[in-house]
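Below is one structure, written out as structure tokens; the observations come after it.
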Amino acid sequence: MKKYLTAYAISLQETLQRRSTLIMDRVGGFAVILSLYSFWTALLGDKPGFMGYTRAEMLTYVLVINVLRSLVFTGRGWQLVGEISSGKISSYLIRPLGYSAYALSLDLAQKSVHVASAVLEVALLSALTRGALFLPRDPAAWLLFAASAALASLLFFYMEFTVSCLAFWTSESGGPLFCFELFLTFAAGAFFPLDVLPDGLRRLLSATPFPYMAYLPARVFLEKVTAAEGLRLLAVEAAWLAAVVAVSRLVWRAGVNSYAAEGG
Amino acid sequence: MSVALETKGLTKDYRSPVKEPGLWGGVKALFDRKYKDTRAVDGVTFKIDEGELVGFLGANGAGKTTTLKMLSGLLTPTSGEAVALGHVPWKREAEFQKKISLVMGQRTQLWWELPAYETFRLNQAIYGIPEVDFRRNLDELVDLLELGEHLSVPVKKLSLGQRMRAEMAAALLHQPRLLLLDEPTIGLDVIMQKKVREFVKAYNKKYNATIMLTSHNMTDVTELCRRVIVIERGVLLYDGPLDRLVERYADHKLIRARFQTPVDAADLKNLGSVISMEENVVVLEVPRDRIAASAGALLASYPVLDLDVEEVDIDDIVRRLFSHA
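This is the structure we're talking about:
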């Protein structure tokens, strides 16, 4: 366990060390929420709400997504792809180290910094716009939100990890990873609430793990689901996570075996 | 003395896709991919005792790195066996991994943005090195490798030589009993090469560690290794003392002659091949069985002041071995 804590600490140091990268990341992210925020403000105009969301709820949705982006959508996929194709992965394989747990430690460090920054940005933005945000009154909603967001974060990590493992077999695995991330951002509801989509498509998506990564946690935060329904969603999310972790282990093991067979 | 490393018929085939040239070939490959098996290592058998320092030689693509990768557990062989420190390497057991290290000249495990010390701390945690041992090992390594003040500077600000030595330290903190070095002096200047060599020698002596190293730098080999293993196209070609490699493969000797007056090099051609001609000194390369005849002819027909018969330089022999491949 100590090795992963140390990995967390060293990664935290490195994230802070690379100040300019961090600042650029945040400025870029902030620009995205600012434009989404302006888009919804313009769309709402004088209307009190849209597709079942009040003005405050819709704007809150955008800001919650900003926090979730930092908590959920930051994996180690690109690093893994790079390490496999450059052969650097070898230096981990010969050390007594579980790679996915190690990568997760590094990712958690990255998330810590980004979430702290995202919360500050949201505070800043809501101060600039003088409030008008929706905050849940029920402590259970906060708890459920925290739990589902934490699971979402792991769900994304292991899913991205699995896709990145394709680099063990193909030299062009940057492609699948890029498509995966783009599709996922959309399917998770990180651009807009999935209620906006046609019924059929929405139902199709709800049978996948994607909405659990942003859309559903955000709905929990907006108190759009009852506590009982929230718990049920949490259970489904946990089941998805277990499945994805299991698949990621299989794919990782197969990948390492193929790497060992084909040469690094 | 116990055996540290033993292989029996170690063999490794690589499978690589074959693509016909041109666009059409690329399209065909999408649907009907053909593979070609290449044998990188072919039935290699050897045994290395604990505490030995062995040079592993061969041309590029001879199978050296592939062998080292199998011995460190990165690659699974196609067939054959290997036992390293009592373990089968490619099972990648933690107990085994704590006892070995593989250092590849061009690869880095150091954290780029941070001082090397942070990577050392991480390795301490990864290998579970107790604090007391960590301090002692680190002090020794810093001393031997002259790392001193470089430890607190971000790795990206280090020179290649400094980084390479920090890399070594990171790979040795857990005091591996088996050390596999792939081109440890590549890209270093002469002074740094010497430092790294001195270090490898000292580490081998001090800990009785078993070391296997590959290098294209012949000085590394001649200064460090009494025994060498040579492979060519994956096949073991020679395994024995470095000196005897010379006897076996040097089918030529050198005749160095000094003349009273200048001699035309063209005239000497039928006595042997002229290696160099400076002022009145000529160096001829002559097959062993013709040494006596050539030396006699020289003495008889030219104004010779002085004549020496010498063994060919070891660098030369190895270079010649490589150029066969």
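If you're matching them up, the sequences are chains A and B in order. Using the numbering used here, you'd call the opening residue of the first sequence number 258 and step up by one each time. Using the numbering used here, you'd call the opening residue of the second sequence number 2 and step up by one each time. In this text, a Cβ means the ideal position worked out from N, Cα and C, and glycines have one as well.
- Shortest Cα-Cα distance from residue 60(B) to any of 113(B), 142(B), 219(B) and 143(B) involves 219(B).
- Between residue 314(A) and residue 479(A), the CB-CB gap stays under 8 Å.
- In the structure shown, residue 65(B) falls within a helical segment according to DSSP collapsed to helix, strand and coil.
- Under DSSP, residue 85(B) takes part in a beta bridge, and its partners are 6(B) and 88(B).
- Shown here, residue 460(A) sits in a helix according to DSSP, grouped into three states.
- For residue 80(B), the secondary structure class from DSSP, reduced to helix, strand or coil, is strand.
- When beta bridges are read from the DSSP output, residue 253(B) appears opposite 288(B).
- By the Cβ criterion, the segment 77–90 of chain B is not in contact with the segment 157–172 of chain B, since fewer than three pairs of Cβ atoms, one from each stretch, lie closer than 8 Å.
- The straight-line gap separating the alpha-carbon atoms of residue 121(B) and residue 97(B) is approximately 20 Å.
- Here residue 256(B) really is in contact with residue 285(B); their C-beta atoms are around 5 Å apart, less than 8 Å.
- With respect to chain A, the C-beta atom of residue 115(B) has a partner C-beta closer than 8 Å.
- When 7 Å is used as the limit between beta carbons, residue 95(B) is near these residues of chain A: 353, in chain order.
- Within the same chain, 251, 253, 254 and 255 come within 7 Å of residue 313(B) by CB-CB distance, once the 5 residues on both sides are set aside.
- With contacts defined by Cβ atoms closer than 8 Å, residue 308(B) and residue 293(B) do not form a contacting pair.
- For residue 347(A), the chain B residues whose Cβ falls inside 9 Å of its Cβ are 70, 73, 75, 103, 105 and 108, in order along the chain.
- At least 8 Å separates the CB of residue 360(A) from every CB of chain B.
- For the segment 264–281 of chain A, the set of residues with a beta-carbon nearer than 7 Å to any beta-carbon of chain B comprises 264, 267, 270, 271, 274 and 275, in chain order.
- Look at residue 99(B): its C-beta is under 8 Å from a C-beta on chain A.
- Burial of residue 334(A) is indicated by the presence of at least 16 other C-beta atoms within 10 angstroms of its C-beta.
- Assignment of residue 277(B) by DSSP, reduced to helix, strand and coil, places it in the strand class.
- Contact between the segment 67–84 of chain B and the segment 134–154 of chain B is absent: fewer than three C-beta pairs spanning the two stretches fall below 8 Å.
- The Cβ atoms of residue 272(B) and residue 287(B) sit closer than 8 Å to each other.
- Looking only at 357(A), 381(A) and 391(A), the smallest Cα-Cα distance to residue 421(A) is reached by 357(A).
- Contact with chain A is absent for residue 212(B), since none of that chain's Cβ atoms lies less than 8 Å from the residue's Cβ.
- Excluding the 5 residues flanking it on each side, residue 300(A) has same chain C-beta neighbours closer than 7 Å at 307, in chain order.
- Close CB contacts of residue 99(B) within its chain, under the 7 Å cut and outside five residues either way in sequence, are with 128 and 175 (chain order).
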